[in-house]
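Numbering (the numbering used here), first residue to last: 477 to 734.
The beta carbon of each residue, even a glycine, is placed where N, CA and C say it ideally should be.
See below for the structure under consideration.
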């Protein structure tokens, strides 16, 4: 999560990337492994880009899986298609839905991932300093830690936690990041390595966010890794509306990488 404005290397303006991508939290269209096949229709509607129809479909069910999926779709739809106060309100609604999932299934790691996702998106909308003042950064971290405690191999939790470390290092500098927030380059890399070994690591959304995470570390080897990853994703044919959006973001990211 972005904390303070500080560039590590002025030759590579990471703010250019931030203008093109996510500042607070991430989304990848990977779905949790749900046993409830009744949600297949909602998933398919989502992949087709019919977000409002997908939300209507998920609202028919009262399971934790339905609430997780509803929260995830609402946050994604809001992030890409809504603005200003309307977006803030929808992110808070998504957060409430994620908390409902936690109440229903407190041992479900995906519920905590969605709580972090929606809350982080809300923090992005209200501004970094307001988010810090309200303790949003710490709450996002706690939700991710809980998800990883339940399932250390959760791909979204690992990717999100890796970017959490990378954002703080990028903005605060290595010394302050470690001393004040416990954020470290090595920790970011450890999470990214887990992501790269995951069976879903070749999905377009995963690859984009992984590339973004490496770019935040703003050092030669990591910037090169970011470029390799984004070039890889641009060779993959899109299979959903979200894929198309991420490919567009990937092209923009590639332009600002050295």
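Coil, strand or helix - residue i by DSSP
i, result
"residue 558", "coil"
"residue 691", "helix"
"residue 710", "coil"
"residue 715", "coil"
"residue 720", "helix"
"residue 486", "Any reading at residue 486 must be qualified, since the residue scores a pLDDT of 32, below 50, and its modelled position is unreliable; no value is offered."
"residue 527", "helix"
"residue 679", "coil"
"residue 539", "coil"
"residue 581", "coil"
"residue 566", "helix"
"residue 627", "coil"
"residue 658", "coil"
"residue 733", "coil"
"residue 641", "helix"
"residue 667", "helix"
"residue 603", "coil"
Counted within 10 angstroms of its Cβ, other Cβ atoms place residue i as buried (16 or more) or exposed
i, result
"residue 655", "exposed"
"residue 543", "buried"
"residue 570", "buried"
"residue 437", "Because the chain is modelled from 477 through 734, residue 437 falls outside the range shown and cannot be assessed."
"residue 498", "Confidence is the limiting factor: at residue 498 the pLDDT is only 38, short of 50, which leaves the residue's position unreliable and the question unanswerable from this model."
"residue 599", "buried"
"residue 418", "Residue 418 lies beyond the residue range present for the chain, which begins at 477 and ends at 734; the question has no answer from this structure."
"residue 637", "buried"
"residue 715", "exposed"
"residue 603", "exposed"
"residue 505", "Per-residue confidence for residue 505 stands at a pLDDT of 48, beneath the threshold of 50, marking its modelled position as unreliable; the derived number appears in the next sentence. By the 10 Å Cβ count, residue 505 comes out buried."
Whole-angstrom C-beta distance between residue j and residue i, which should lie under 8 Å
i, j, result
"residue 684", "residue 709", "6 Å"
"residue 680", "residue 712", "6 Å"
"residue 733", "residue 702", "6 Å"
"residue 589", "residue 621", "Actually they do not touch by this definition, with Cβ atoms about 11 Å apart."
"residue 525", "residue 719", "Contact doesn't hold; Cβ gap of about 10 Å is too wide."
"residue 657", "residue 648", "7 Å"
"residue 661", "residue 645", "6 Å"
Is there contact here, the stretch 594–612 with the stretch 545–556, by at least three beta-carbon pairs under 8 Å?
Under the Cβ criterion (8 Å, minimum of three pairs), the stretch 594–612 counts as touching the stretch 545–556.
Between the stretch 556–569 and the stretch 511–522, do three or more beta carbon pairs fall short of 8 Å?
By the criterion of at least three beta-carbon pairs nearer than 8 Å, the stretch 556–569 is not in contact with the stretch 511–522.
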